[in-house]
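For the protein sequence lines, the chains are A, B and C, in the order given.
Under our numbering, the final residue of the first sequence carries the number 576; numbering is consecutive throughout.
Under our numbering, the final residue of the second sequence carries the number 126; numbering is consecutive throughout.
Under our numbering, the final residue of the third sequence carries the number 1048; numbering is consecutive throughout.
All residues carry an ideal CB built from backbone N, CA and C; glycine is no exception.
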Amino acid sequence: MLLALILIPLLTAAVVPLAPKRSVGQVALLGTLVALALAAYLTLGRDWSGPDAGRDLAVSAPWMPELGLVFKLGTDGLSMSLVALTALLGPICVACSFTAVTQRVRTYYGWLLVLQAAMTGVFLARDMILFYVFFEFTLVPMFVLISLYGSTNRKAAAVKFFLYTFTGSVIALAGIVYAAWFNANRVDAADPVAKALVAASPDLVLGRWTFDLASLQAAASRFMSAETQWWVFLALLCGFAVKVPLVPVHTWLPLAHTEAPTAGSVVLAGVLLKLGTYGLLKIAIGLCPAGAMAWAPTIGLLCLLGIVGAGLICWVQTDVKKLVAYSSVAHLGFCVLGLFAFNDAGVQGSVLYMINHGLSTGALFLCIGMIYERYHTRSMREIGGLAARMPIWATFMVFFTMASVGLPGLNGFVSEFLCLLGAFQAGDVWRSHPLTVGGTGGNLGPYVAAIAGTGMIIAAMYLLYMLGHVVFGPLREPHHDEHHSASGGAHDAEPRLPADLTAREIGVLAPLAVLCLVLGVYPKPLMRMVDPGVKEVIAAVEGARTQRPATRPVAEGDAGAAPALATQEAAR
Amino acid sequence: MIGGTLVTLLAQGPIPADMGGVTLAHYLVVSAVMFVLGLVGFMVRRNLIIMFLCTELMFQAAGIALIAFSRFHMNHTGQTFVIFVLTVAAAEAAMALALVVLLFRRKETLDGAAWRELKG
Amino acid sequence: MTHLLSHLASVALAASPPAEGAARAAAPVLGRVVEGPWTAVLIPGLPLLAAVLVALCAAGRVRSKLPAWITVGCLAGAFAAAVQTYLAVVHQPGLAQGVRVLEWIHLSWGEKPGQSFAADFGLYLDSLTMLWMLFVTGLATLIALYASEYMAHDLGAGYNRFYFAFALFVFSMSCLVMGDNLILLYLGWEGVGLCSYLLIGYFYKKPSAVAAAKKAFIMNRIGDLGLALGIMLTFVQFGSVRYAEIFEAAAPYLTLAGEGRIGEIPLLIQLIPVLFTVGAFGKSAQLPLYVWLPDAMEGPTPVSALIHAATMVTAGVYLVARFLPLYQCSTWALPIVAWTGAGTALLAATIGMAQFDIKRIMAYSTVSQLGYMFAGLGVLTSAGAAYHVFTHAFFKATLFLGCGAVMHGFAGQLDLRKLSGVAFMKGWGIVGLAMLVGCLNLAGFPFTAGFFSKDMILAEAFASPTYQALGWVLLFTAGLTAYYTFRVFFRVFIGPKFYEPGDELHAHDDHGHGHGGAHGHGDGHGHAPAKAKATADAAHDFHPHAPGWAINVVMVLLTVGSILAAYPYLISWVPGLIDASSARVIEVAHGGEHAHGTFFGYDPHAVMYYVSAIVGAVGIIFAFVLHFVGRTGAATAKADALLPVFGPLARWAQNKWYVDEFYNFLVRVPLLVISHVLHLADKLLVDGLVDLAGFMPQAAGRGLRRQQTGALNGYAFGMVLGVGVIAAIGAVLLW
């Protein structure tokens, strides 16, 4: 079943080059719809709330046994929800490209499908190397999509995207390999703790070479010293933070988003960024909970920088797409902030944020893409007041903007509020107030939440600024539109689009709108679905917190100072 | 090449009880001299064929050293290795000379300096 | 309405003796909730249904008045349900009633209190809730009916959009008021903000309307941040966001507050109401966040009447009233509320005196009256504040709808210098009369509802020894209010007949306007406005468009409502309005020396009637002399002669004390500069470093490229050199 989720897009990608040029899109759509149907069946057809839900779906086959590599796929509610998001965006990305992409369609849809397969693989992989392979393999299709089908500055954007994220993840690979080496060489299988672990779950491979996710997490979180964890976490962070992206390693994102074709932006915002947060959540924190705890204040600070800084940057953009791209940086700041609160509200909110951001920001990119198709510009100086010309589009635009602003009743609110609440609760400051019942302790706290909360105001500022310019106000349209499409040879083949949305475009946006509303009003099923995965992460961190209360990791605040002092002491 | 073969032949057979004062060092000196000759020739000369022959000279110098050590340590690996080197060198010579002929046809000269396409 | 009020009276008379002090029912048990009537679900449900149906109309491109009738019908149903529920609630005093509808956000990470987070779509019904819902649904029904005619020029997409946002607003407002937890309140809070945004920006082609909508939303968001932080702090402190559980968990603190031992309450608990206050000030347009409300008048007038005068802006008052027990636990919260309210009341009144746009005057008077309500809460007459909300809702809606009728009839004209004697024109009698009643209420003319409700607040302020100064501020403001209210009435509605049509602000698109696409001259005054030249070639002259039946019916009903709003006071039922709810004031034991403020030695409660009546009368007389006596035209009045006396003050007040400019200069511009700096830093510094990292290998490669000469000998030489260097290093190391 899980394998089929990866294979269906891959096989479709193999069939696409054989299809006649006219029906390439339909074939791709069919393939993604089949994948969506399967994902929907898996997601909706079973109860994911139990701790072992989805275990029966796991697939495992020897891959390179001498290296301890296993082709292992598995899932839980958390992974499955992201797989479902990926599968949902699949047909939407295909359908939104029917008129936008008219050249080299076979290559286009082929790579789009490969990309979907790779992203699905990331969420399902349960072997670290397999995870890494899928993780890196997403770069190739995305590189092709940006560099072949992007707009004017696409080459530079594609190269920067590829090299930047690649550099990060190579460092992450070092971290993964170190963890495996640690398990093989530093963990004694005869150790009573290890024996107890294996007795509890016989799948674990301790003390031998393996890249099995669960085994490495068990080994590293139990046996690795806090300081080592700090370093391993740093290595993983290099890979994942670039992908998220956290400030200051975010600069590839606006460029890539702006230059990518619409479907590329949708996938980028919808799923690719989530690979970073998912990696932090599922891999990094589970592997080095103590390291994660030590890094939490720093990451919290970076998130605040992202929320406030990137938010303010959005406010002075003139390129609509760039504005939404920067808003992703700000939004993902909330997401990561909730994650590093390490409490139920925060992590739960963070996971919901991944999905909600994928829906609402993906939809915003779709809306902007529809404008770009019609006017061939993204500049707010050239277009404006489009509500008069395109009322249906304007309705969708306002709706998704409101979802993005975090209006209660729509999906964005639930996740944003929970992230903030989690951050608010996660302060050691509550320990000094004995009558406080809802504080969980942690490294963030109410001040962090308050500063992050200004992000809500800033989000309203820049998103309404966008609405006020693009949707409302006096109508402004570029004058050269007509002969632009007439003179540019590339556009000759393009079918003329009507002023307002076509039925196909409404069909692309409507499912997202419905989901935004449903998840805003009735998020309960989704929350129940991801709950076991969330609890797992929190348990890992709690374990590290209780296990080693004495060894506070050296990293906090004065990372350099503490060891330096220690050596000075030793020298005397 | 003949020199190399001779050395190989000399090294065969049972160890003479008395090598008449010819020690390992003698062989190595011969080897070193040959190598340096080849090296200097390669760097100084510009004729492609001469340069090629100089490389061969260096090969054989290395061969002599290998065999000498092999004999000295009573370990046949070195000699085996030299046989391989010779075989490869033979094949290489055939290829290289053919290449030289082709290059000559292109520019009607054997001057190595005529070929600088790799200049960065 | 009458049915309700008579029932009210019977309940009041049956349940309690008429004396005011004794009328109070038993103190409510705040922590307990009993199952409420299911009909309560209809109150938010029917407006939601209306919104959905209107959305379907929009999808079906309906171009008739169908959306209006759907909305009016559903809202009327909601009003009926509200009446029914009110009766059910009033019959069970002391207990809040709860109705659960749908599970929303549930999280749990342990068994102990504070280890689970639950926010549902659930209703919390007590007298405070139902008081609000009564006037919200009632006024919404009437105003929807009014708007069916008012918006008729925009039949089609715009009409559908209007009614969708309208119905959604009522739904959001019901969530805000009826929700049983803070998160649902927050949903309503932001929901009404959204609807307000959509409706202020209804004429979306006008840049000023778009800017006003944006300003309203952002200003509200600033307040919302305070509210959100307050909610989080509440959760962390009390372990729940449900009202019933919050009050239960807060019980020990309430006891402390009741014993006057506020100092022993932890500071964090005291901080909660302060944070709520920030939210309340944003939504209810108080200092320093009030600037959005006057601008919000860019929206269609029915919207201004419903949202920006009668209902939404009272949400802040509701919030404070709902959490009054917590406010009483805080040392600073109530003084902040009281003084900010009084300050806003005064400031807005001074601005209102100097404006010429009648709708803006009404907007500033709304801000000012909201200030009164907060002051009332601050001086602990929650009943007075709630009653003022109630009366204000009626008379301010009347005033706004009257202004709206004028605007509608005179092609968007709102300038009081260009209209005069409207009440005497044909077909305008009802509007004129309604305006008179509304103005009398607002001015606090004796025996009007506004008089009684304002008196309660004034009297309580003077009765509190610490708030004497505040009482004087409010009293002075009352005089100013009477003046600027009647300034409008005397100039626009009576006096010599004159008019000059506006530039048709609200015919915003291609649909054309039913009655006034063309502009012309005033009737016989020969006063040709310059503006009209643009359309002077239009064949026919402009004729004022007298209001039709829908507007007149609504005006009559609202006028009657404004008058009858005095009824609860006359039967001493005012405390009963909110007594059985958390808005009931906790009696603080003063330990013997119960200080009671006096007004020059008299009991303020007794003497305030006369004092405020005199102050109001003085204001009205000033307006009469300055703006009516001897006035022959519309443009000028005697008051203009007084302007030099005030020097620059009048101009400053007319320019709203430059608060907008001040904010722009102090907040917006610096933020904009910071944003640009950040953007540049991001592009040049952060991304520059990345590019530098990419550039370095490139540069290194370019440098090393020279080594590649292409000459074979050169490579050989390089190799030898390299081997030599390695050998040399090896030799040195081995040594």
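Item: DSSP-derived helix/strand/coil call for residue 519 (chain C); Value: coil
Item: is_contact[residue 112 (chain B), chain C] using C-beta, thresh 7 Å; Value: no
Item: Whole-Å CB distance - residue 474 (chain A) paired with residue 350 (chain A), under 8 Å assumed; Value: Wrong, their Cβ atoms sit about 33 Å apart, outside the cutoff.
Item: Start and end residues, alpha helix (DSSP H) containing residue 958 (chain C); Value: 952 to 959
Item: Chain B residues whose Cβ lies nearer than 9 Å to that of residue 1029 (chain C); Value: 45, 48, 49 and 57
Item: Within chain C, partners of residue 418 (chain A) - CB distance below 9 Å; Value: 417 and 418
Item: Where residue 494 (chain A) sits in the DSSP three-state scheme; Value: Bear in mind that the predicted position of residue 494 (chain A) carries a pLDDT of just 43, short of 50, making it too unreliable to give a figure here.
Item: Proximity winner among A:51, A:503 and A:94, relative to residue 276 (chain A) (alpha-carbon distances); Value: A:94
Item: Contact set for residue 494 (chain C): own chain, Cβ-Cβ below 6 Å, skip 5 residues either direction; Value: 432, 554 and 555
Item: For residue 413 (chain C), the first and last residue of its enclosing beta strand (DSSP E); Value: 408 to 421
Item: Check whether residue 280 (chain A) and residue 240 (chain A) have beta carbons under 7 Å apart; Value: no
Item: DSSP three-state assignment for residue 822 (chain C), whether helix, strand or coil; Value: Legend: pLDDT at residue 822 (chain C) = 38, less than 50; position of this residue unreliable, value from coordinates given subsequently. Here residue 822 (chain C) sits in coil by DSSP.
Item: Start-end ranges of the beta strand (DSSP E) lying completely within the segment 36 to 103 of chain A, minimum 3 residues; Value: 63 to 68 and 73 to 77
Item: When C:998, C:421 and C:924 are compared against residue 352 (chain A), the one with the closest alpha-carbon; Value: C:421
Item: Integer Cβ distance of residue 921 (chain C) from residue 775 (chain C), believed to fall under 8 Å; Value: 7 Å
Item: Assumed close pair residue 695 (chain C), residue 896 (chain C) - CB separation to whole angstroms, cut-off 8 Å; Value: 4 Å
Item: Below-7 Å beta-carbon distance, residue 1013 (chain C) vs any chain B residue; Value: no
Item: Beta-carbon spacing of residue 309 (chain A), residue 251 (chain A) below 7 Å; Value: yes
Item: Residue 34 (chain B) at chain C interface by Cβ criterion, 7 Å; Value: no
Item: At least three beta-carbon pairs within less than 8 Å, the segment 54 to 74 of chain A to the segment 226 to 239 of chain A; Value: no
Item: Touch test, the segment 38 to 46 of chain A against the segment 145 to 155 of chain A, Cβ-Cβ under 8 Å, three pairs minimum; Value: no
Item: Cβ of residue 348 (chain A) within 7 Å of any chain C Cβ; Value: yes
Item: Beta carbon proximity, residue 213 (chain A) to chain C, threshold 7 Å; Value: no
Item: Pairwise C-alpha distance: residue 465 (chain C) and residue 18 (chain A); Value: 59 Å
Item: Other residues of its chain near residue 362 (chain A): CB distance less than 8 Å, five sequence neighbours each side excluded; Value: 89, 93, 273, 274, 275 and 278
Item: Own chain residues within Cβ distance below 7 Å of residue 36 (chain B), not counting five before or after; Value: 70
Item: CB contact below 7 Å: residue 545 (chain C) versus chain A; Value: yes
Item: Rounded distance between the beta-carbons of residue 393 (chain A) and residue 505 (chain A), thought under 8 Å; Value: About 11 Å separates the two Cβ atoms, so there is no contact after all.
Item: Chain A within 7 Å of residue 992 (chain C), Cβ atoms only; Value: yes
Item: Enclosing alpha helix (DSSP H) for residue 451 (chain A) [first to last residue]; Value: 450 to 470
Item: Reference residue 658 (chain C); option with closest CA among C:792, C:719, C:619 and C:564; Value: C:792
Item: Within-7 Å CB hit, residue 120 (chain A) to chain C; Value: no
Item: Residue from A:335, A:377 and A:366 with nearest C-alpha to residue 462 (chain A); Value: A:335
Item: Pairwise C-alpha distance: residue 427 (chain A) and residue 594 (chain C); Value: 25 Å
Item: Interface residues of chain C facing residue 123 (chain B) [CB-CB closer than 9 Å]; Value: 1023
Item: Partner residues on chain F for residue 682 (chain C), Cβ-Cβ distance less than 7 Å; Value: Looking at the structure shown, chain F is missing, and the protein chains on hand are A, B and C.
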